[in-house]
Structure formats: C-alpha cells, structure tokens
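Chemist:
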Amino acid sequence: MNRWNGARERAGRAARAAAAFFEKNGFYCVLALCVAVIAGTAVYTRTSVPEVSPPPGYEQDLSAGMQEDQTLREAIGETAQPSASPTAVPQATVLPLWTAAPSSSLLEDTELAWPIRGDVLREYVQGSVVYLPTLEAWGTHAGLDIAGQVGDEVKAPMSGTVQRLYVDPLWGNVMEIAHPGGLVTRYMGLQTLALLQEGDPVRQGQLLSPLGDAPACEQMDGPHLHFEALRDGEPVDPRTLLAEQ
C-alpha cells in the first residue's frame, strides 16, 4: 500500500513538472514542431518527385531548330533590307497634245481646185476689152476658158450645193454651185446636166459632167470649159481663187 502511494506521488510530481515546463516553454515547443513538419515535407517532396530527363535526341532537335530559325531570320533580313543603290523612279511620259490634221473641208474653204486640167485659152478680162473671134467683136470676158477634150471630167472645185441648172441659147448647158462665204461658181460647155439636181450637195472633186462641145458664143475656140466665179453676185477673177495647177 505504501509502495503504491509512493508511485502515485512520483507520477503526480512528474505530471506537474511537465505541465509547468509546457506552460513556460509551450510556444517554443510548438514553433519547433512546425519547423520540423515543414522540413520533413520538403524532404519528402524532393525525394518523392521523379526526375524528368529529356528524350533522346532532344538536344539535337533543339540545336537544329535554332539553326533553322537563324537561317529564316537571315533570309527575311536579306529580303527586307533595302538596296544600297536607290531604284530610279519612272518618269511620267508626257504625251503631246493630239492635233487634228487639217480636214479637207478647211482646205476647201480657202482654195479652189481646178475643175478641169488644161491650158488657159483666154484669161478673165474686166475693165478692158478683148477680141472675141466667134462674135467677131471686142468685149469683156468674165471667166477663164480652160482647154480640154470632149468627155474630160469636169469636177467640183469646192464643196457646195447645186444652185441652178439651165440651158442658155449662147452658152448651152449651165450649172451654178453655191459655196460658203457668198461664193458661186458657174460652168459652161458641159455635155449634160443629168447627173445632178438643184439642191444636191456636192463635194470637192465630185464629177459634175463630162466636157461637151464649145458653147455657141465661143465656138471658134474649140472644146473648153468656160469657168466663172462670183462673190456676192459680183464677178471675180477665178485665177485668184484657184490653187496652183
């Protein structure tokens, strides 16, 4: 009995001593315990996670990829790099302004073409007199007498409009053509008046009629065209209007 009581007293004293120790040093004990737990966890993690090693050939593939990337960068750099010598900028081509060639109508308004090719038998005479062999008289001459052969083509010297067609007792077949600017041309010694009608337009060089026999009043001169020109109704010298033959 005394032995049992002694053991209980020793155990009680030990418990009280432990309680007093933890009461005094409990904080440090808990801190030491936390440090021990953290250290143990780190050691476990390091030893438990397996070490991963790169697959075979990984370093070679990586090196080859780096070389390809470097080659690509160099190629791009060479392509994008501007040339040392600047490229010449194309100069704009200046085209000359289009200029229309003079139309035939403009030429027609300035000069008359010869209605028939041939020698001039008698000139235009006004203000003086000339001998007229068929009439056996002296008188003025209001036109040009141009020699030709029967059947030669008589052509319009300028574009215009047929104004009159008639037959005169002395001059035979007569044709009048009106042109711009108040000009009228008159033709005697024509073979026919059937090719045109009054009001018909004619163009320069168009056939008016074949040449016929000489007019009755100039019969002694042989076949020829008697050609007159009038400006505003007044006779003018046709030679001053005709181009060089």
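Take 0 as the starting number for the sequence shown in numbering that gives the first Met the number 0 and just add one per residue.
A virtual CB, placed ideally from N, CA and C, is assigned to each residue, including glycine.
#1: For ASP151, count neighbouring Cβ atoms within 10 angstroms of its own Cβ and tell me buried if that reaches 16, exposed if not.
#2: Candidates GLU243, VAL235, PRO222: which alpha carbon is nearest ALA146's?
#3: In chain order, what are the residue ranges of uninterrupted beta strand (DSSP E) at least 3 long that sit wholly in the region 149-188?
#4: Please list, in chain order, all residues of the same chain as LEU206 whose beta carbon is under 7 Å from its beta carbon, the five residues on each side excluded.
#5: Between which two residues does the beta strand (DSSP E) harbouring ASP144 extend?
#6: If you run the structure through DSSP and keep just helix, strand and coil, what is ARG230?
#7: Should the region 127-134 be regarded as contacting the region 173-182, the criterion being three or more beta carbon pairs within less than 8 Å?
#8: Could you tell me the distance, in whole angstroms, from the CA atom of LEU241 to the CA atom of ALA112?
#9: Taking just the CA atoms, how far does VAL166 sit from PRO209?
#10: Check for me: the beta strand (DSSP E) holding LEU120 runs from which residue to which?
#11: Round the Cβ separation of PRO237 and HIS225 to the nearest angstrom and send it over; I've been treating them as touching at under 8 Å.
#12: Let's test the definition: count the other Cβ atoms within 10 Å of the Cβ of ASP199 and tell me whether it reaches 16, buried, or not, exposed.
#13: Within 10 Å of its beta-carbon, does VAL48 have 16 or more other beta-carbons around it, so buried, or fewer, so exposed?
#14: Along the beta strand (DSSP E) that carries PRO214, what are the first and last residues, could you check?
Modeler: Judging by the given coordinates:
#1: Buried, by the Cβ-count rule.
#2: With distances taken between Cα atoms, ALA146 lies closest to PRO222.
#3: Runs of the beta strand (DSSP E) lying entirely within the region 149-188 and spanning at least 3 residues, in chain order: 152-154, 159-167, 171-178, 182-187.
#4: The answer, listed in chain order, is GLU152, LYS154, LEU194.
#5: It spans 143-146 - the beta strand (DSSP E) in which ASP144 sits, taken as one unbroken run.
#6: Strand.
#7: Verdict: no, contact absent.
#8: Rounded to the nearest angstrom, the two C-alpha atoms are 6 Å apart.
#9: Approximately 16 Å between the Cα atoms of the pair.
#10: Looking at the DSSP string, the run of the beta strand (DSSP E) that includes LEU120 is 119-121.
#11: The pair is not a contact, with the Cβ atoms about 10 Å apart (cut-off 8 Å).
#12: Around the beta carbon of ASP199, fewer than 16 other beta carbons sit within 10 angstroms, so the residue counts as exposed.
#13: Only weak support exists for where VAL48 lies, its pLDDT of 45 falling under 50; the value from the coordinates is given anyway. Burial call: exposed.
#14: Secondary structure note for PRO214: it is in no beta strand (DSSP E), with a DSSP letter that is neither H nor E.
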